[in-house]
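Written out below as structure tokens is the structure these notes cover.
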Amino acid sequence: MTTGSYVVEVIVENKPLARDPEGETIHQNLILKGGFNQVTSVRAGKLLRMNVEANSPEDARAIVRKLSDELRIYNPAAHTIQVRIVG
Amino acid sequence: MVKVAVIQYPGSNCDLDALEILRDVVKAKTDLVWHKDLTHDDYDAYVLPGGFSYGDYLRAGAIAATSPSLRIVKEATESGKPVLGICNGFQILVEAGLLPGAVLRNSSLRFVCTWTRLRVETTRTPFTKRANAGQVLEIPIAHNEGRYYLDKEQIPELERNQQIVFRYVNEKKEATEDANPNGSIDNIAGVCNQKGNVMGLMPHPERASIPVLSLDSQTDGRVIFDSMMRRLHGPGA
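From first to last, the protein sequence lines are chains R and F. In terms of the numbering used here, the first sequence opens at residue 3 and continues consecutively. In terms of the numbering used here, the second sequence opens at residue -12 and continues consecutively.
In structure tokens, the structure reads:
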């Protein structure tokens, strides 16, 4: 029996050296064009939000980290991920 | 008699094109095999065709890469059998870890459907044996996620191991930025594994293997299938 339910987010984005044309386009053709010159860069990514049953937030995070690695939620040749508890 | 399998995934859509070239053009005994039905390594070669397996969800090829059929394909690669991934098939082989790197969204953020020129960088694979090194093949592409990526510092190793099989080039056979249709690193269009028996490429050789489909009625894509047949039948074939 697990004792809690947690919301865990996985953010997948391209590695810093892998170009991100989507982020670049949003930055140049939308944000800078719209006059928000304070924004100096944009990276686009993918967000997966999961409800996870676990005994603690740390356990929930560990489960999601494990599945992200084992099932290749990201391709380590090109991507990085962040796993975070949001609720 | 040698037997080839074209593996169908939910969303494959170039499976019949590959089948036609294999059966009718290079005369290989070929079966279309639903991925879940591929439970034994009963074939002499495998082709993973183009398409949009599982809707390209998560990443092109990422979900199909977890199909049990990939375990059979892996077994086949370990015994040295030829495995060819075309377009989505290439993406699946990369996601399954049978080929290095990643295939990302085109740098133009557009689906690109056009003819490309490919320079043959190595003839050591079962798919390029009958080509000449440096030869240029005209073969079309049609994809949204075709930007081959590998960390820049890993490229020299790939080069040393002769794992870069095709590069996009211009009419002077130069790998220029203008000749690069999708932003692939170093204009790479196709790669192989270290052993050379697994090859993937984004362009579609099956769409350039009969005159009626091709520019100037050429059949440049055939050399890939002819090479595979020679490998399967031995050098006398």
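Backbone N, C-alpha and C define an ideal beta-carbon position, used for all residues, glycine too. In this text, all values refer to a predicted model and were calculated from it rather than measured experimentally.
Taken in chain order, the whole beta strand (DSSP E) runs of length 3 or more contained in the region 110 to 159 of chain F are 123 to 130, 134 to 136 and 151 to 156. Distances from the alpha-carbon of K139(F) to those of L49(R), N39(R) and K17(R) put K17(R) closest. The C-beta separation of V54(R) from A46(R) comes to about 25 Å, leaving the pair out of contact by the 8 Å criterion. In the three-state DSSP reduction, M(-12)(F) falls in the coil class, being neither helix nor strand. Within the region 29 to 43 of chain R, no residue has its Cβ closer than 7 Å to any Cβ of chain F. When C-beta atoms of the region 103 to 114 of chain F are compared with those of the region 75 to 88 of chain F, fewer than three pairs fall below 8 Å, so the two segments do not count as touching. Contact note: L19(R) reaches chain F through D138 and K139, using a C-beta cutoff of 8 Å and chain order. Listed in chain order, the positions of the region 17 to 51 of chain F with a beta carbon within less than 8 Å of a beta carbon of chain R are L45, R46 and A49. Distance from the CA of R218(F) to the CA of D18(F), rounded to the nearest whole angstrom, comes to 19 Å.
The residue from G76(F), A32(F) and S196(F) with its alpha-carbon nearest to that of G(-2)(F) is G76(F). Counting C-beta pairs with one atom in each stretch, the region 59 to 74 of chain F and the region 185 to 198 of chain F have three or more that are closer than 8 Å, which means they touch. With contacts defined by Cβ atoms closer than 8 Å, I13(R) and I83(R) form a contacting pair.
Counting only the Cα atoms, Y136(F) lies some 13 Å from P23(R).
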